[in-house]
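S.K.:
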Amino acid sequence: MSFAYAGGLLATGLADVTSDLGALDSRGWWAVVVTYEGAVTCARFETVRPAPHPGGAWAGPGGWTSSLDEAAYVAGVERIRGAIADGVVYQANLCRVLSAELPVGADIAGLGARLAERHPAPYAMTLRVPGLEVASASPELYLRRDGRVVESRPIKGTGRTADDLLPKDRAENVMIVDLVRNDLGRVAETGSVSVPELCALEEHPGLVHLVSSVRARLAGGGWPELIAATFPPGSVTGAPKSSALSLLEELEPVPRGPYCGAIGWVDADSRRGALAVGIRTFWALDGVLRFGTGAGITWGSDPHREWRETELKAARLLEVASGDGAGQDLAERGTARP
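Residue 0 is where the sequence shown starts when you use numbering that gives the first Met the number 0, and the numbers rise one by one after that.
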């Protein structure tokens, strides 16, 4: 059965599926997934009601493989640092995709329920529609819209505790805030872009983040124009965005898919919606479960530390998905490049 679950609301009764973002300005309640590569799924549901997360059978997947092993990832970090030295980019977010065979009978609803119980997140969402299954525990807001007011809350800077954060983390956050301000400025009323919060410390299960808030008032247009101006999210690309995208395309061997895209909901009737950055996200396709992890690279990055950051971001989520005990890292799981 198709369904979507977000913010304590269960949506059922699939009525329409389209790749047209303009539908989000029409009518009804929509679940939305935009992959990092730009493939759009908008699913309209007839019934939306408060409810517990639906349950389902779940069995942990087998061994994980990584699209980049440690040596390849470290080499990618050095390549980005070289591009920074040459003035091509200031920052770029290097990612890798983990994959594992999905056991027969495993239900994405079961994984979503496990995440909701053991790794709650402010912008979590589970979605199952024909051809797309996603379970996300995203802590990061890409776009929240209420009428003409829009807000983004980029995350940059990650550590196990606040003591792990470095000056590099704050500098990286400020760079991405500038990028988000510029993106929103393309569709905002002149003078309406503001930064109500800069580099605030947020605690999440197993780690801490630096989070900022950028707010604006739209000059006109709807969801297609807003997403076109700001996608992919700045926190998972880099600055300048166009140069970072070109560089990352060379360095990352597989598509990111829903990871680093947009995942969330839109209520077209009330002109409200919230789309998360698709981090901390699993997706199932053709019997394979995938999960992405990455880190923002600046001139001050230590390549092996950045690799460990990708491990830190993934470890707790993979524990939840697999049922392993706390404390295992990816190296102990035997993660390797396929």
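Backbone N, C-alpha and C fix where the C-beta goes; we use that ideal spot for every residue, glycine too.
Computed from a predicted model, the values in this text were never measured in an experiment.
Just checking my contact of VAL276 with ALA228 at CB under 8 Å: how many whole Å lie between their CB atoms?
M.R.: VAL276 to ALA228, Cβ: 16 Å. No contact.
S.K.: Taking contact to mean 3 or more Cβ pairs, one atom from each stretch, closer than 8 Å, check whether the region 165-183 and the region 249-259 are in contact.
M.R.: Pairwise C-beta distances place the region 165-183 out of contact with the region 249-259, as fewer than three of them are shorter than 8 Å.
S.K.: Between LEU142 and chain C, is the shortest Cβ-Cβ distance under 8 Å, so that the two count as touching?
M.R.: Absence of chain C from the displayed structure is noted, only one protein chain being present.
S.K.: Tell whether a beta-carbon distance below 8 Å holds between ALA58 and ALA105.
M.R.: yes
S.K.: At what residues does the alpha helix (DSSP H) containing VAL73 begin and finish?
M.R.: 69-84
S.K.: What do you get for GLY326, buried or exposed, if any count of 16 or more other CB atoms within 10 angstroms of its CB means buried?
M.R.: Annotation note: pLDDT 35 at GLY326 (below 50); position unreliable, coordinate value reported separately. The residue in question, GLY326, is exposed, as its Cβ has fewer than 16 Cβ neighbours within 10 Å.
S.K.: Alpha carbon to alpha carbon, what distance is there between LEU8 and VAL47?
M.R.: 6 Å
S.K.: Do three or more CB pairs link the region 257-275 to the region 135-150 at distances below 8 Å?
M.R.: Because the criterion of three Cβ pairs below 8 Å is met, the region 257-275 and the region 135-150 touch.
S.K.: Return helix, strand or coil for THR40, following the three-state DSSP convention.
M.R.: strand
S.K.: Among residues of its own chain, excluding the 5 on either side of GLY220, which ones have a beta-carbon nearer than 8 Å to its beta-carbon?
M.R.: Counting only Cβ-Cβ distances below 8 Å, and skipping sequence neighbours, we find VAL186.
S.K.: Taking GLU310 as the reference, which of SER321, THR297, GLY291, ILE296 has the closest Cα?
M.R.: The shortest Cα separation from GLU310 among SER321, THR297, GLY291, ILE296 belongs to GLY291.
S.K.: Buried or exposed: where does ALA308 fall if 16 or more other Cβ atoms within 10 Å of its Cβ makes it buried?
M.R.: Note on residue identity: the sequence assigns Glu, not Ala, to residue 308. Answer is buried; the Cβ neighbour count reaches 16.
S.K.: Just checking, does the region 278-292 make contact with the region 258-270 on the three C-beta pairs under 8 Å criterion?
M.R.: Between the region 278-292 and the region 258-270 there are three or more inter-stretch CB-CB distances shorter than 8 Å, so the stretches are counted as touching.
S.K.: In angstroms, rounded to a whole number, what distance separates the CA positions of ALA243 and TRP29?
M.R.: 31 Å
S.K.: Within the same chain, show all residues whose beta-carbon is closer than 6 Å to that of ASP328, passing over the 5 residues directly before and after it, in chain order.
M.R.: A caution first: ASP328 carries a pLDDT of 44, below 50, which makes its placement in the model unreliable, though a value can still be read off. Contacts found: GLU310, ALA314.
S.K.: Can you round the beta-carbon distance between ILE107 and THR125 to whole angstroms, since I take them to be within the 8 Å contact cut?
M.R.: 6 Å
S.K.: So if DSSP puts TRP298 in a beta bridge, which residue, or which two residues, is it bridged to?
M.R.: None, per the DSSP bridge assignment.
S.K.: Should HIS208 go down as buried or exposed, given a rule of 16 or more other Cβ atoms within 10 Å for buried?
M.R.: Result: buried.
S.K.: Just list the beta strand (DSSP E) runs in the region 152-222, keeping only unbroken ones of 3 residues or longer that don't cross its boundaries, in chain order.
M.R.: Considered as a whole, the region 152-222 harbours 154-158, 193-203, 206-216 as its complete beta strand (DSSP E) runs of no fewer than 3 residues, in chain order.
S.K.: In whole angstroms, what separates the C-alpha of GLY158 from that of SER1?
M.R.: Cα-Cα distance, rounded: 37 Å.
S.K.: How is the alpha helix (DSSP H) around ALA105 delimited, first residue to last?
M.R.: Where ALA105 is concerned, there is no enclosing alpha helix (DSSP H), given that its DSSP letter is neither H nor E.
S.K.: With 16 as the cutoff for other CB atoms within 10 Å, does ASP15 come out buried or exposed?
M.R.: exposed
S.K.: Determine the extent of the alpha helix (DSSP H) in which GLU139 is found, giving its start and end residues.
M.R.: Here GLU139 belongs to no alpha helix (DSSP H), and DSSP marks it neither H nor E.
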